[in-house]
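Residue numbers (the numbering used here): 73 to 442. Cβ atoms here follow ideal geometry from the backbone N, Cα and C, with glycine treated the same way.
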Amino acid sequence: MQEISPEELSEQLHDSGRDPLVLDIRHEDDFEEWHIPGSINVDVYDELTEHPEQATSALSELPREEQIVTICAAGIVSETATGVLRELDYDAVTLTDGMNGWSRVHRHAEVPADLDCTLIQVARPGKGCLSHVLISDSEAAVFDPSHYLDEYDAILDEYDADLVGVFDTHAHADHVSGATELADRHGAPYYLHPKDALAVDATPVEDEQILTVGDRRIEVIHTPGHSKGSVSFDIDGTALITGDTLFHESVGRVELGVEAGIEDADVEQNAATLYESLQRLLDRPDDAVVLPAHDPGSPEPPVAATLADVTDRNDDLGRSRGEFVKVLASDTPDHPPNFERVKRTNVGRESVPADGLAELELGPNNCAAE
Numbered sequence: 073m074q075e076i077s078p079e080e081l082s083e084q085l086h087d088s089g090r091d092p093l094v095l096d097i098r099h100e101d102d103f104e105e106w107h108i109p110g111s112i113n114v115d116v117y118d119e120l121t122e123h124p125e126q127a128t129s130a131l132s133e134l135p136r137e138e139q140i141v142t143i144c145a146a147g148i149v150s151e152t153a154t155g156v157l158r159e160l161d162y163d164a165v166t167l168t169d170g171m172n173g174w175s176r177v178h179r180h181a182e183v184p185a186d187l188d189c190t191l192i193q194v195a196r197p198g199k200g201c202l203s204h205v206l207i208s209d210s211e212a213a214v215f216d217p218s219h220y221l222d223e224y225d226a227i228l229d230e231y232d233a234d235l236v237g238v239f240d241t242h243a244h245a246d247h248v249s250g251a252t253e254l255a256d257r258h259g260a261p262y263y264l265h266p267k268d269a270l271a272v273d274a275t276p277v278e279d280e281q282i283l284t285v286g287d288r289r290i291e292v293i294h295t296p297g298h299s300k301g302s303v304s305f306d307i308d309g310t311a312l313i314t315g316d317t318l319f320h321e322s323v324g325r326v327e328l329g330v331e332a333g334i335e336d337a338d339v340e341q342n343a344a345t346l347y348e349s350l351q352r353l354l355d356r357p358d359d360a361v362v363l364p365a366h367d368p369g370s371p372e373p374p375v376a377a378t379l380a381d382v383t384d385r386n387d388d389l390g391r392s393r394g395e396f397v398k399v400l401a402s403d404t405p406d407h408p409p410n411f412e413r414v415k416r417t418n419v420g421r422e423s424v425p426a427d428g429l430a431e432l433e434l435g436p437n438n439c440a441a442e
């Protein structure tokens, strides 16, 4: 069967002058929840599963000008779709491992910030996740890494840098952190605020603590609300790594820790706490570059904006305290898939086998309040 790897498809969609037609054959509801941007949906999943010949009519209406890449959840039923299309003389291939495979794709680029060092953003388009690598004087720190550690090792090798610290801004609810394993692999400390490190062996960070990487100064800002242990990192007053506290057009949700059963606070209290945390971030320089841990859709790095720009376009930052609390406490979008187990895994209260990590976190990112 003809296949294309997720990495190759990512390169084609990013660099090619002529993109393939990405055909998602899953149920419409699954497609609407999470899909590759620019893909089209022809819901013939049931037909392909039970009687493939019944999908012929719908598939034969597709254009023939470009190659078709078929997608399902795991690349199994889409193989059948590719077979039907090739019998109809289409140039068709299957995305290896389907959306599971797409979730593994990482891309990286340098962040445009006025820093006398290198700051790299690593984007995971299939999850909307963003992590960062700071390199200064041959030393490196990684912030919010995924569990696909080779992506970060490749960057460290490319810049010939020694890893001296791994940081999580908080215990994530949408994806499994690779921070502890990455730190262990390199003999570096793993930093996490103690209010999120419930059963994790981590080096604690605290508000206003100063750490260094090479000759860069990193200030810890305790910004609870999304989680009790959420922190942001101010790099030399020029870049703000804000985790899930502040996004470019939204802010972090406030109910996930409560609903996962690991926080004893209530949602209104968390919303009020988050409001105060955001005020602290808004006191930072207007030209500081805001670098969140997530971006909606399928982010292409670098995802960066100045604090002044974020303030202008983020409606949540213009709300009064009362309105802010009311809106966030009542706003409950769809939860990230398996968020309770993901959250428990990241605070150390559940262990997931390595071969189960990808399936556990499969699905869209839903950590923003709106």
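Other residues of its chain near residue i: CB distance less than 8 Å, five sequence neighbours each side excluded
i, result
"Leu202", "Gln193, Val194, Ala195, Arg196, Asp216, Leu363, Pro364, Ala365, His366, Asp367, Pro371, Pro373 and Val375"
"Gly170", "Ile143, Cys144, Ala145, Ala146, Gly147, Ile148 and Ser150"
"Gly173", "Ser77, Pro78, Gly147 and Leu167"
"Leu328", "Ala245, His298, Ser299, His407, Pro408, Phe411, Lys415 and Cys439"
"Arg158", "Gln74 and Ala164"
"Glu100", "Asn113 and Asp115"
Proximity winner among the options, relative to residue i (alpha-carbon distances)
i, options, result
"Thr154", "Asp308, Ala146 and Ile140", "Ile140"
"Gln74", "Glu422, Asn418, Thr168 and Thr190", "Thr168"
"Trp106", "Leu283, Asp388, Ala380 and Gly200", "Gly200"
"Asp287", "Thr310, Ser208 and Leu221", "Ser208"
"Ala243", "Leu429, Val414 and Pro425", "Val414"
"Val177", "Val183, Leu221 and Thr275", "Leu221"
"Ile227", "Leu328, Thr190 and Pro78", "Thr190"
"Ala343", "Ser402, Ile313, His123 and Phe305", "Ser402"
"Ser322", "Asp306, Tyr262 and Arg385", "Arg385"
"Arg136", "Asp118, Asp163 and Tyr117", "Asp163"
"Pro184", "Asp388, Phe411 and Leu312", "Leu312"
"Lys300", "Glu278, Gly394, Asp308 and Ile307", "Glu278"
"Ile293", "His219, Val285 and Thr241", "Thr241"
"Tyr347", "Gly309, Phe396, Asp355 and Ala337", "Phe396"
"Leu254", "Pro266, Lys267, Val285 and Ala274", "Ala274"
"Arg391", "Asp358, Asn418, Gln351 and Ser423", "Gln351"
"His219", "Leu235, Ser249, Ala269 and His204", "Ser249"
"Ser349", "Thr314, Gly369 and Ala337", "Thr314"
"Asp161", "Glu133, Tyr117, Asp186 and His180", "Glu133"
"Thr345", "Gly309, His123, Gly394 and Glu100", "Gly394"
"Ala181", "Glu80, His86 and Val399", "His86"
"Thr152", "Phe103, Glu119 and Glu340", "Glu119"
"Leu81", "Gly428, His204, Val114 and Arg179", "Arg179"
"Lys398", "Ala360, Asp338 and Leu353", "Asp338"
Opposing strand residues paired with residue i [DSSP bridges]
i, result
"Leu318", "Val323"
"Arg391", "Answer is none; Arg391 lacks a bridge partner."
"Leu312", "Asp306 and Val362"
"Gln193", "Ala181 and His204"
"Val94", "Val141"
"Leu283", "Ile290"
"Glu159", "Answer is none; Glu159 lacks a bridge partner."
"Leu167", "Ile76"
"Ala377", "Val362"
"Thr275", "Tyr263"
"Ile112", "Leu95"
6 Å Cβ shell around residue i - same chain, five flanking residues per side excluded
i, result
"Thr111", "Before going further, note that residue 111 is Ser rather than Thr in the sequence given. Result list for Ser111: Val94 and Asp96, in chain order."
"Gly198", "Trp174, Ser175 and Val177"
"Val382", "His320 and Val362"
"Val116", "Ile97, Ala127 and Ala130"
"Val424", "Thr417 and Leu432"
"Ala377", "His320 and Val362"
Same chain, Cβ closer than 7 Å to residue i, five either side skipped, listed in chain order
i, result
"Cys439", "Annotation note: pLDDT 43 at Cys439 (below 50); position unreliable, coordinate value reported separately. So the list reads Ala245, Asp246, Asp316, Gly324, Arg325, His366 and Pro408, once near-sequence residues are dropped."
"Ala233", "Ile207, Ser210, Glu211 and Ala212"
"Tyr262", "Val238, Ala251, Thr252, Ala255, Ala274 and Thr275"
"Thr404", "Glu327"
"Gly369", "Pro109 and Gly200"
"Asp186", "Thr310"
"Leu270", "Ile334, Val419, Gly420 and Arg421"
"Ala260", "Leu235, Val236, Gly237 and Val238"
is_contact[residue i, chain B] using C-beta, thresh 8 Å
i, result
"Thr241", "Protein chains in the displayed structure number just one, and chain B is not present."
Nearest-angstrom beta carbon gap, residue j and residue i [assumed within contact, 8 Å]
i, j, result
"Arg356", "Leu379", "6 Å"
"Val214", "His265", "With a Cβ gap of about 17 Å, Val214 and His265 do not count as contacting."
"Glu20", "Asp268", "Summary: the structure shown does not reach residue 20, with the chain confined to residues 73 through 442, and so no result is reported for it."
"Val236", "Val272", "That pair is no contact at about 19 Å."
"Pro124", "Val156", "6 Å"
"Glu122", "Pro92", "Contact flag wrong, Cβ pair sits at about 27 Å."
"Leu318", "Leu353", "6 Å"
Exercise for the section: At 4 residues or longer, and completely inside the stretch 195-259: list those alpha helix (DSSP H) runs for me, N to C. Expected result: 222-230 and 251-258
Handout entry: Minimum length 4: unbroken alpha helix (DSSP H) runs contained in the stretch 334-361
Key = 339-354
Practice task
Let me know the alpha helix (DSSP H) ranges lying completely inside the stretch 407-438, each 4 residues or longer, listed in chain order.
Solution key: 411-418 and 429-432
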